[in-house]
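Those protein sequences? They're chains A and B, same order as listed. Counting from 4, one number per residue, gives the positions in the first sequence under my numbering. Counting from 4, one number per residue, gives the positions in the second sequence under my numbering. We put the beta carbon where it would ideally sit given N, CA and C, even for glycine. Model, not experiment: these values are computed from the prediction.
Protein chains: 2
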Amino acid sequence: MAKMTGKWCTETYKDTALSFKIKKKLYSKRSKFQLVEVFETEKHGNLMALDGCYMVTTREEFVYHDMLAHVPLFAHPDPKKVLVIGGGDGGTVREVMRHKGVESIDFVEIDGDVYTVSKKYFPELVKGLEGDKRVHFKFGDGIKFVKDSKDIYDVILIDGTDPSDIAGGLFGTEFFNDVKAALKKDGIMSMQSEDPWFDLPIIKDVQARLKKTFAYSGLYLAFIPMYPSGMWSFSCASKKYDISVIRNKKSKITGFKYYTPELHSAAFKLPQFVKDGIK
Amino acid sequence: MAKMTGKWCTETYKDTALSFKIKKKLYSKRSKFQLVEVFETEKHGNLMALDGCYMVTTREEFVYHDMLAHVPLFAHPDPKKVLVIGGGDGGTVREVMRHKGVESIDFVEIDGDVYTVSKKYFPELVKGLEGDKRVHFKFGDGIKFVKDSKDIYDVILIDGTDPSDIAGGLFGTEFFNDVKAALKKDGIMSMQSEDPWFDLPIIKDVQARLKKTFAYSGLYLAFIPMYPSGMWSFSCASKKYDISVIRNKKSKITGFKYYTPELHSAAFKLPQFVKDGIK
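Listed below in structure tokens is the structure:
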């Protein structure tokens, strides 16, 4: 769990620790899958931690959700059917909903408690989800769900936690093969793929598996201050498209807080140590 | 000072704190200007803090020094005379030295103790500095030094600390006017300009002042994990050049750890909230 010391909560990751000043702890309960905690911070709004790892803050959540959702959705010329695996806080689905051309969003989160907690403490993350008929709530195991889906999706977004027990399968070859089969022939997948400063070997493995499975694979980065080093990676792949290129001209969205069309391709330009580390 | 709790040292910045696991404290002494501390960390090599703010770690120092030095030096078609203000740890000068066409590097650090401490605990940062006849050590006040320099430099790099007492003048209009006068007519300046997550108003002010002073100004970003949010900004300006464009074909340098030619321009593609914040 996130450690509390006086008015601070702390996530320790390997040899580093990141702390936020808090007003109080709002929620702490073990779900069927993980410990779910919510803190009210001084300046970052509410903060959710799963098994002691920070997931979202009200103030900064837009970075992760913008970059996981909009990069693949703008790389696809006309995304209609989207699958979101994980992302129980709702933020990724909320961003997908902004693409008017999207007709259907299957939302498969294994831990219903995360969604319930988000509804209460992060209302801006789930805003409009339940009123949007395109969103199909399917609480359950995303790995199993993908295995049973063939040639259906234009875009699959994998919004899991770290590759430990609960989310470990989301980083494996078998799963990537199932994702490939669940995508249409020009489909695109994107997933969170950990921190290059701390976990470059994990990213290297993911990239190698995606490269083996798909015709195209890529890695892009974003600044996420509530993760220990502040640098986060997303791995993406497609049978057909270079995902660093924008093709979608239908989703005319304004008012992004992080994503921009210029940043779309720029986020794929990696620092040399990251390029070297995933070779 | 950086707080020590058992085997951890902590920098608290506003409502956030970043801690590293350490083996021991190696050095702690108040210089004429500031408290200089060095810790031996578990996994990041040695860590220097000035007045309690982390400055460099052995493992990650390359990001800051690559991006402060190489972006302006590659934007200039043929940099020969370079001035480094601050940067007492030596890392910025070390990177400038890699440009073989550079004929002269004036190195003006106000606090000689920082250089002495770096020599002892960060030998890789000062490597070759004293044996390179192009490097002119001029310990003293950089603001005064610039005021006395007219039409001399191709590139000026400002490697100061946060805009508090000692470095505050490095963020002001008078200083920028003096920098402009010290540069040749096609000269370029670049400076560290704080963290967009925490200090966007400071960046906005710097950008506004540079814009008023120079024909061109710009902002670029880098991932620096030992600063509290992990996101850091550099502000640059020139009388003549768009600094996001590479012009230097003479400095054929290989073996960067962060900088790449592609990242040069990509680093100028800002997240929307940063664009909005500096408007």
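Requested in this report: Hey, could you find the ends of the alpha helix (DSSP H) residue 180 of chain A is sitting in?
Outcome: As a working note, residue 180 of chain A is residue 177 in the first sequence. That run of the alpha helix (DSSP H) goes 176–185.
Query raised in the report: Helix or strand or just coil, what does DSSP make of residue 101 of chain B?
Result: Looking up residue 101 of chain B in the second sequence gives position 98. Residue 101 of chain B: coil per DSSP, three-state reduction.
Report task. Determine, using beta carbons only, whether residue 23 of chain B comes closer than 7 Å to chain A. Result -> On the second sequence, position 20 is the one that residue 23 of chain B refers to. Residue 23 of chain B counts as touching chain A.
**Report entry** CB of residue 150 of chain B within 7 Å of CB of residue 109 of chain B, strictly
**Finding:** Residue 150 of chain B sits at position 147 when you count from the first residue of the second sequence. Residue 109 of chain B sits at position 106 when you count from the first residue of the second sequence. Contact: no.
**Report entry** Burial state of residue 190 of chain A (16 or more Cβ within 10 Å)
**Finding:** Against the first sequence, residue 190 of chain A aligns to sequence position 187. By the 10 Å Cβ count, residue 190 of chain A comes out buried.
Query raised in the report: Is the region 209–220 of chain A touching the region 31–41 of chain A, taking contact as three or more C-beta pairs under 8 Å?
Result: no
Query raised in the report: In the region 195–254 of chain A, which residue ranges form an unbroken alpha helix (DSSP H) of at least 4 residues, counting only runs that do not cross its ends?
Result: 199–216
Query raised in the report: Just checking my contact of residue 70 of chain B with residue 240 of chain B at CB under 8 Å: how many whole Å lie between their CB atoms?
Result: On the second sequence, residue 70 of chain B is found 67 positions in, with the first residue counted as 1. On the second sequence, residue 240 of chain B is found 237 positions in, with the first residue counted as 1. That belief does not hold up - the Cβ atoms of residue 70 of chain B and residue 240 of chain B are roughly 16 Å apart, past 8 Å.
**Report entry** Every unbroken alpha helix (DSSP H) within the region 89–139 of chain B, with a cutoff of 4 residues, ordered by chain
**Finding:** 94–100 and 115–124
Query raised in the report: Which bits of chain A does residue 75 of chain B rub up against, with CB to CB less than 9 Å?
Result: For the purposes of this step, residue 75 of chain B is taken as the residue at position 72 of the second sequence. The premise fails here: residue 75 of chain B is roughly 18 Å from chain A at the closest Cβ pair, so nothing lies under 9 Å.
Report task. With a cut-off of 8 Å on the beta carbons, I'd call residue 21 of chain B and residue 224 of chain A a contact; round off their distance for me. Result -> To locate residue 21 of chain B, count along the second sequence from 1; it is residue 18. To locate residue 224 of chain A, count along the first sequence from 1; it is residue 221. Incorrect: roughly 20 Å between the Cβ atoms, too far for contact.
Query raised in the report: How would you list, in chain order, the residues of chain A whose beta-carbon sits under 7 Å from the beta-carbon of residue 2 of chain B?
Result: The shown model of chain B, from 4 to 282, leaves out residue 2 of chain B, and the question about it has no answer.
**Report entry** DSSP state of residue 170 of chain B mapped onto helix, strand, coil
**Finding:** Within the second sequence, the letter at position 167 stands for residue 170 of chain B. Here residue 170 of chain B sits in coil by DSSP.
Query - Buried versus exposed call for residue 164 of chain B [16 or more other C-beta atoms within 10 Å across all chains shown] - result: On the second sequence, residue 164 of chain B is found 161 positions in, with the first residue counted as 1. Looking at its Cβ environment, which holds 16 or more other Cβ atoms inside 10 Å, residue 164 of chain B is buried.
Report task. Could you confirm whether any beta carbon from chain B is found closer than 7 Å to the beta carbon of residue 204 of chain A? Result -> Here the question's residue 204 of chain A lines up with position 201 in the first sequence. Judged by the 7 Å Cβ criterion, residue 204 of chain A is not in contact with chain B.
Query raised in the report: Contact check, residue 92 of chain A vs residue 59 of chain A under 8 Å by CB: the rounded distance?
Result: By one-based count along the first sequence, residue 92 of chain A stands at place 89. By one-based count along the first sequence, residue 59 of chain A stands at place 56. So it is a contact: roughly 5 Å between Cβ atoms.
Query raised in the report: Which chain A residues are close to residue 262 of chain B, counting only those with a beta carbon under 9 Å from its beta carbon?
Result: Working through the second sequence from its first residue, we reach residue 262 of chain B at position 259. Within chain A, the residues near residue 262 of chain B are 274 and 275.
Query raised in the report: Do the region 71–85 of chain B and the region 120–130 of chain B make contact, defined as three or more Cβ pairs closer than 8 Å?
Result: no
Query raised in the report: With distances taken between CB atoms, is the gap from residue 34 of chain B to residue 114 of chain B smaller than 7 Å?
Result: Start at 1 with the first residue of the second sequence, and residue 34 of chain B comes out as number 31. Start at 1 with the first residue of the second sequence, and residue 114 of chain B comes out as number 111. Against a cut-off of 7 Å, the Cβ pair of residue 114 of chain B and residue 34 of chain B comes out as a contact.
**Report entry** Cutoff 7 Å: residue 266 of chain B Cβ touching any chain A Cβ
**Finding:** Taking the second sequence and counting its residues from 1, one reaches residue 266 of chain B at position 263. True, the Cβ-Cβ gap to chain A drops below 7 Å.
Query - Endpoints, the alpha helix (DSSP H) within which residue 268 of chain B is located - result: Sequence index remark: in the second sequence, residue 268 of chain B carries index 265 (1-based). Note, residue 268 of chain B: alpha helix (DSSP H), 264–269.
Requested in this report: Rank B:66, B:19 and B:156 by C-alpha distance to the C-alpha of residue 128 of chain B and give the top, closest one.
Outcome: The sequence position of residue 128 of chain B within the second sequence is 125, counting from 1. It is B:66.
Query raised in the report: What runs of the alpha helix (DSSP H), each 4 residues or longer, lie entirely inside the region 32–94 of chain B?
Result: 64–78
Query raised in the report: If we call anything under 7 Å between Cβ atoms a contact, is residue 204 of chain A one with residue 16 of chain A?
Result: As a first step, residue 204 of chain A must be located in the first sequence, where it is residue number 201. As a first step, residue 16 of chain A must be located in the first sequence, where it is residue number 13. The answer is no: Cβ separation not under 7 Å.
Report task. Using only alpha-carbon positions, find the residue among A:246, A:199 and A:215 that is nearest to residue 221 of chain A. Result -> Within the first sequence, residue 221 of chain A is the residue found at index 218, counting from 1. Checking every option, the nearest Cα to that of residue 221 of chain A belongs to A:246.
Query raised in the report: Taking DSSP as the reference, what is the three-state secondary structure of residue 146 of chain A?
Result: Taking the first sequence and counting its residues from 1, one reaches residue 146 of chain A at position 143. The answer is helix: DSSP assigns residue 146 of chain A an H, G or I state.
Report task. Using beta-carbon positions only, say whether residue 32 of chain A and residue 10 of chain A come within less than 7 Å of one another. Result -> In the first sequence, counting from the first residue as 1, residue 32 of chain A sits at position 29. In the first sequence, counting from the first residue as 1, residue 10 of chain A sits at position 7. Contact flag unset, no.
Query raised in the report: Between residue 19 of chain B and chain A, is there a C-beta pair that is closer than 7 Å?
Result: Start at 1 with the first residue of the second sequence, and residue 19 of chain B comes out as number 16. Closer than 7 Å: yes.
Query raised in the report: Name the chain B residues that come within less than 8 Å of residue 187 of chain A, Cβ to Cβ?
Result: Locating residue 187 of chain A in the first sequence gives position 184, where the first residue counts as 1. None at all; the shortest Cβ gap to chain B is about 30 Å.
Query raised in the report: First and last residue of the beta strand (DSSP E) that includes residue 6 of chain B?
Result: Numbered from its first residue, the second sequence carries residue 6 of chain B at position 3. Unbroken beta strand (DSSP E) run through residue 6 of chain B: 6–8.
Report task. Report yes or no: is there a C-beta of chain B within less than 7 Å of the C-beta of residue 269 of chain A? Result -> Position 266 of the first sequence, counted from the first residue, corresponds to residue 269 of chain A. Output row for residue 269 of chain A: interface = yes.
Report task. Please state if the CB of residue 234 of chain A and the CB of residue 226 of chain B are separated by a distance shorter than 7 Å. Result -> Along the second sequence, one-based indexing puts residue 226 of chain B at 223. Along the first sequence, one-based indexing puts residue 234 of chain A at 231. Yes; because the gap between Cβ atoms is below 7 Å, this pair is in contact.
Requested in this report: Give the DSSP-derived three-state secondary structure of residue 25 of chain B in the structure shown.
Outcome: As a first step, residue 25 of chain B must be located in the second sequence, where it is residue number 22. Strand at residue 25 of chain B.
Query raised in the report: Which residue comes first and which comes last in the alpha helix (DSSP H) that contains residue 279 of chain A?
Result: Along the first sequence, one-based indexing puts residue 279 of chain A at 276. Counting along the chain, the alpha helix (DSSP H) containing residue 279 of chain A begins and ends at 275–280.
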